[in-house]
Amino acid sequence: MRAGHRPTGPDARSRLADMRSLESLARVDEWPVPHAAAAVVRSDGTVAGTHGPTDRRFALASVTKPIAAYAVLVAHEEGAVELDEPAGPEGATVRHLLAHTSGLAFDENRVQAEPGARRIYSNAGFEALGEHLGKVTGIAFPEYLRQAVLEPLGMESTTMEGGQSPAKDGWSTVDDLIRFAAEVQAPQLLDARTVTEAMSVVHPGLKGVLPGYGSQNPNDWGLGFEIRDGKSPHWTGTASSPRTFGHFGQSGTFLWIDPDARAAAVALTDRDFGPWAIEAWPQFTDAVLKELGGAEDS
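Position 111 (the sequence shown) corresponds to 649 in our numbering; numbering is contiguous.
Right, dumping it as structure tokens:
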């Protein structure tokens, strides 16, 4: 990797003394989960508020994917990977894998559609992505992720565990994801144009299934990030803008960024996603955005 390409990320925790407490974050105490922690990060990297044990490690499940995607984008900017080079099943590219349009099935290396024809949410696709990155860089994916993203951002508590799948095997803390959310909103590791591309729809108009929410038409996705657009109901509630992007995980975790609100939120729990989350998460997000809007008006 290029020397000097990865500046140390902002130490968001150092700004906590200046933060304005958000009462809406206390809603996580009402969630039927053993443990939960949450934070809101403004687009300038300042922390608007935190709640719960922000240094506790949680399994991220699919919130691993946007972090993994960020490492792929670093590799792209370094010239190691082209987004439109072949990867995964025949006819697919790195871009297809990032956007869940490679045609691979959810959790197995079985092709269900031609590349670019359908939005099929695929863990197998992200695992193929990790394998491809390892081959072209000569660095195993977990180590590349550490060097490209985790170490420069100071995400010292974030690791790949178990099978080390780039689709689902990350563990992290709210403190570390504060750093990641700050980076995505004001990039230091990537050119801002690359991040803009990542949060823009790839292959617009494709139908697909959003896990937990059923068939969506369209089911818009960027490069590793789900994009809300007109989806309803949605885990980011009703107050979030159509440009909101992020990811949630089966382990009861989420990260969203709303460019219009100039803020991001992360919440980590240790209870699997289910009806409780479908009810609680949108209410949480709507309350956070309402409070942020009120703070800006005051």
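Backbone N, C-alpha and C fix where the C-beta goes; we use that ideal spot for every residue, glycine too.
This one's a predicted model, so the numbers in the text were calculated from it and none came from an experiment.
Where residue i falls, given that 16 or more other Cβ within 10 Å makes a residue buried
i: N661; result: buried
i: D767; result: buried
i: P680; result: buried
i: S817; result: Per the sequence shown, residue 817 should be read as Glu rather than Ser. Looking at its Cβ environment, which holds fewer than 16 other Cβ atoms inside 10 Å, E817 is exposed.
i: P690; result: buried
i: S770; result: exposed
i: N757; result: buried
i: A607; result: buried
Where residue i sits in the DSSP three-state scheme
i: H573; result: coil
i: A655; result: coil
i: H638; result: coil
i: L560; result: coil
i: P548; result: For P548, the predicted model reports a pLDDT of 47, less than 50, meaning its position is unreliable and no value from the coordinates is stated.
i: V612; result: helix
i: R565; result: helix
i: V687; result: helix
i: A643; result: coil
i: A818; result: helix
i: G587; result: strand
i: V674; result: helix
i: G701; result: coil
i: G831; result: helix
i: G746; result: strand
Distance between beta carbons of residue j and residue i, contact taken as under 8 Å
i: L611; j: L728; result: 6 Å
i: G790; j: A825; result: Actually they do not touch by this definition, with Cβ atoms about 18 Å apart.
i: A575; j: V712; result: 4 Å
i: T776; j: D796; result: With 8 Å as the limit, T776 and D796 do not qualify as a contact, their Cβ atoms being about 12 Å apart.
Strand pairing of residue i, partner residues [DSSP]
i: P624; result: T631
i: F512; result: With the chain running from 539 to 836 in the structure shown, residue 512 is simply not present.
i: R648; result: Looking at the DSSP assignment, R648 forms no beta bridge with any residue, so it has no partner.
i: R580; result: A801
* For the segment 754–799, which segments carrying the beta strand (DSSP E) assignment without a break, of at least 3 residues, lie completely within its bounds, in sequence order? -> Runs of the beta strand (DSSP E) lying entirely within the segment 754–799, each at least 3 residues long, are 783–787, 791–796 in chain order.
Worksheet item: Counting only runs that start and end within the segment 708–743, where is the beta strand (DSSP E) found for 3 or more residues in a row?
Response: 708–710
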